[in-house]
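Protein chains in written order, with our numbering: chain C, 251 to 349; chain V, 10 to 550; chain Z, 973 to 1288; chain R, 1262 to 1485.
One structure is given below, encoded as structure tokens.
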């Protein structure tokens, strides 16, 4: 079994990065960014997710299949969100209640 | 098992004895049989509900049972048939039994999880049974809010919990299949040498794994609302009942493909074996299964054209729905083309396959009707839809399930069933089915709404026809029960390969040994290569 | 209705549209079904197994055929989609001059209210040849307003408005059903739609009401609830003037806009904080629980009656 | 594998259905990843509901969100991140076959997990005291549309509740792992259970990484 074993240093750096990002996302929430505050919050969350997935969950060293599974899962989540929103965002477009 | 001949050899049935050896088994074959017994019970329970429904509908005024009872009957018919019979039917019985054998494995990747899956189905089933015995549930199998959360006074919670638990059974089965197919194929068994049954189950498993959790969480939210009064879908708080429908159909539309894809897999095996020919366009058929699984996730909104969903979402969902029609059509064309210049044998499983193709064609084509926005507005929530999905689920999935059961029965039990009776019952089922459900298309277009206890008199003639068909259908379903049971003791001994089939499961004795194969097979040919099966072959065509 | 029939009566302008699409689909379905059935029968007999040792020659598919039988059905389905969607789009857009009727579904009856204040339960009287628009909601579970002869159906959803419309083309008496399962007496939640010659309809209208018109009742309710304390007609109150509001585009706090239609007004009465008009504070209390769905509809009609959308400057 | 492969005696390190340890490990890892995908979809349903309602009722959501204690939330996030770190260190120790270190890091993970749950329990309790629990007694200052704020808290409780339920399952898994590790069951050759339990734990962490900004950090800048 040729597992790739990361160094303690790597893991520590990832932890630090995660903590810093937590602090950033908390602080930036108090800044008025208008519409972008959601975008920034989510972008930071995605970065943190990537750090955890790539390093802590070893996706970095995983097989193509594992990566495909991860991407597939996220894609399906996107399908659920996008197609549901396709209803909620287009309500009222033709100006007839309930249509 | 009354002859000495079979006792000389150790197989999965006689390797150990006693109730405990079954209830704690990790053998995928025994678990398959446990499922078979379980879902057969649920099938007859669901059938019983259907029988009362059909008798009730003989008269327009509704004299046999009260409205409350009638509403519970159709709800419990749906819940039982969908969650406790159709969803587990082919995957959990035939898939469990034969998927590992078809890929030359000794078992599934996670035998213990496989057993847990069965227990989850049983536990879920007991919840649902409890609800039914305690007083029943009347929300319709769709559990639409706010009726299910606020207005129904029936056993919604127990039933929903049952479905929740059974959902995890389905998830774990799918997970097990995917991992097994990825990691446990016999040497030489490349993806494009796999039988189409395996491809179909792979696609099915994707849906089980990706869709079922959304149903689970939706049920959790409904339960939260009903039990703790924290309203996620409650209009009084500004919640949107249509959101529930989105989440529900995100699973429940693909769930139709959980039922029909394995059926298509079975039919591919049957058509190939009984015409002794490789499936025409093997790769196209294999990919079409995956395409159906993927595209099936993009179309759920077509259940909601009149729900208050936006016009544009409705159009998008209608558009996407037509894409899923194409891979289904391709399969039908390819099966038909496979028959061309084949060597076609008219044994019972093949009759079921013919029945499947015919009924699925009608069910599929009427699917085009209900996907057309203009028509769906008129026919949604009418008997047209009822007829359409019964053509898919009963005419499709159950025909294939019975076909598969007949086909693999000799392998599972080591015994043949009586061919004459089997042919007769196949014919009776086909005729009874059409008589039951064809009139419902007409009823639906005339405007007869579904889930109606009473109805205007002008619909009575068609309802009577339908009930007449249902009684024929009931007889058709009873016959196999009897002769299958009979065959366990009196059936002729089945050889290793009674049909001259090509799959790996036919290269090991009937019934198979505990670990399926004495030595792991090595695959050197494509699927459906009959040149090695037929001795002294006479080439035709 | 006489002898058993295969197709329902056509009694609205949509009915023939829908039926024509159905005929097309039927033709396609029959063609493909027959093609498949006949092929299977023919092959199954022509190529039946004659000896146990037969081995058909393996055929490994033909891409040309696969493409052919993918592309042709796909083309046909796109015709179905376009055709069906265009009917649906029509069904979604009521004409401006349509006759307005308000519908409230509740377990287990349909309550319908005409602009003149005539109320009906499980019956709807409408004139032939005139577009009718239904604005619907539900007081409890989801219901669905279904008239097979018109080929229309629309869910009535609690908490919001939905709309459907039709133009009856043939006088007569047609079934009205609830098509969305709603509990015990779901199958009895229905009645009749009476399509009448215009003159009969006028007669019916004049004999049908005792109270005032919908707008008049709305005005009474408006006064009872003291809405006018804040919503002063000249705009001097703490809340926006409602004169000429209906149909106008409203500027909201935060920069958005919304069209003042039935849905918006309903929301503003029951959930006033959801959309705040630009220049005003979120001070209006909710009237949820104080006004029935029918009351809300009367208020809407009253607000509609406060003049057409002004062509020029709106009040401040 | 050799074609002559036959069934062998079953051990934890090599179950009877597999031919090699590598095959078994691949299967277990893939199995866990697929399970995590189902979890993504499970939480996905709630994220969808959240998105729909936040879009519709952004004002009420902002006020309701701001009533949550952001300091506690941020600290709890950090606690969970620490637990992920100790978990990955436990996995590393198991890859190196260091029995004592596996136990140590698993115990640390367990402690951090327990802390997180403790803080969560404190926060929920606070909600009960403040009448921020959806239901007839719900009341929230500063929101005219009580229903919309209730929707926020319904989602808050559903999402954090199910997240906590996953944590509790994780704590159970950790306890079992600690017991097994202490018995010396895991070696450099056989450490799959630690590995896949680690995947699960990190996944639960990732869910929280999204829950934190979505629930605690909506428009904090707005004047209240």
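All residues carry an ideal CB built from backbone N, CA and C; glycine is no exception.
Residue i versus residue j - alpha carbon distance
i                       : j                       : result
residue 288 of chain V  : residue 108 of chain V  : 18 Å
residue 409 of chain V  : residue 105 of chain V  : 16 Å
residue 551 of chain V  : residue 376 of chain V  : The question about residue 551 of chain V has no answer, for chain V in this structure spans 10 to 550.
residue 543 of chain V  : residue 257 of chain V  : 49 Å
residue 1476 of chain R : residue 229 of chain V  : 19 Å
residue 1223 of chain Z : residue 1200 of chain Z : 21 Å
residue 190 of chain V  : residue 218 of chain V  : 14 Å
residue 99 of chain V   : residue 204 of chain V  : 15 Å
residue 315 of chain V  : residue 88 of chain V   : 24 Å
residue 439 of chain V  : residue 993 of chain Z  : 29 Å
residue 1321 of chain R : residue 129 of chain V  : 41 Å
residue 337 of chain V  : residue 63 of chain V   : 31 Å
residue 152 of chain V  : residue 518 of chain V  : 47 Å
residue 1184 of chain Z : residue 1090 of chain Z : 9 Å
residue 1440 of chain R : residue 272 of chain C  : 33 Å
residue 1122 of chain Z : residue 145 of chain V  : 36 Å
Opposing strand residues paired with residue i [DSSP bridges]
i                       : result
residue 1221 of chain Z : Z:1231
residue 1137 of chain Z : Z:1105
residue 1150 of chain Z : Z:1117
residue 1260 of chain Z : Z:1263
residue 1166 of chain Z : Z:1097 and Z:1145
residue 502 of chain V  : V:424
residue 990 of chain Z  : Paired residues: none, contrary to the question.
residue 1081 of chain Z : Z:1078
residue 1086 of chain Z : Z:1073
residue 964 of chain Z  : Past the boundaries of the shown model lies residue 964 of chain Z; chain Z is included only from 973 to 1288, so the question cannot be answered.
residue 353 of chain V  : Z:1020
residue 312 of chain C  : Per DSSP, none; premise fails for residue 312 of chain C.
residue 480 of chain V  : In DSSP, residue 480 of chain V forms no bridge with anything.
residue 1092 of chain Z : Z:1084
Beta strand (DSSP E) segment containing residue i, residue limits
i                       : result
residue 63 of chain V   : No beta strand (DSSP E) contains residue 63 of chain V, which is instead part of the alpha helix (DSSP H) from 37-65.
residue 160 of chain V  : Taken as a continuous stretch (DSSP letters only), residue 160 of chain V belongs to no beta strand (DSSP E), as it is neither H nor E.
residue 1126 of chain Z : 1124-1128
residue 1074 of chain Z : 1071-1078
residue 19 of chain V   : No beta strand (DSSP E) holds residue 19 of chain V; DSSP gives it neither H nor E.
Start and end residues, alpha helix (DSSP H) containing residue i
i                       : result
residue 255 of chain V  : 250-284
residue 358 of chain V  : 357-380
residue 1044 of chain Z : 1035-1064
residue 124 of chain V  : 120-143
residue 336 of chain V  : 320-348
residue 1350 of chain R : 1331-1357
residue 514 of chain V  : No alpha helix (DSSP H) holds residue 514 of chain V; DSSP gives it neither H nor E.
residue 107 of chain V  : 105-111
residue 1454 of chain R : 1453-1472
residue 1284 of chain R : 1282-1317
residue 222 of chain V  : 205-232
residue 260 of chain C  : 258-278
residue 537 of chain V  : It is not in any alpha helix (DSSP H) - residue 537 of chain V carries neither H nor E in the DSSP assignment.
Residue-level contact to chain D via CB, residue i, 7 Å cutoff
i                      : result
residue 340 of chain C : Protein chains in the displayed structure are C, V, Z and R, and chain D is not among them.
Cβ separation of residue i and residue j, assumed to be a contact under 8 Å, to the nearest whole Å
i                       : j                       : result
residue 405 of chain V  : residue 378 of chain V  : Residue 405 of chain V to residue 378 of chain V, Cβ: 16 Å. No contact.
residue 1112 of chain Z : residue 1152 of chain Z : So it is not a contact: roughly 12 Å between Cβ atoms.
residue 1136 of chain Z : residue 1100 of chain Z : At roughly 18 Å, the Cβ-Cβ gap does not stay under 8 Å, so residue 1136 of chain Z and residue 1100 of chain Z are not in contact.
residue 1455 of chain R : residue 1438 of chain R : 6 Å
residue 285 of chain V  : residue 351 of chain V  : 6 Å
Continuous alpha helix (DSSP H) assignments of at least 4 residues falling wholly in the segment 1384-1444 of chain R: 1407-1443
Runs of alpha helix (DSSP H) wholly within the segment 383-453 of chain V (minimum 4 residues, chain order): 392-399 and 408-422
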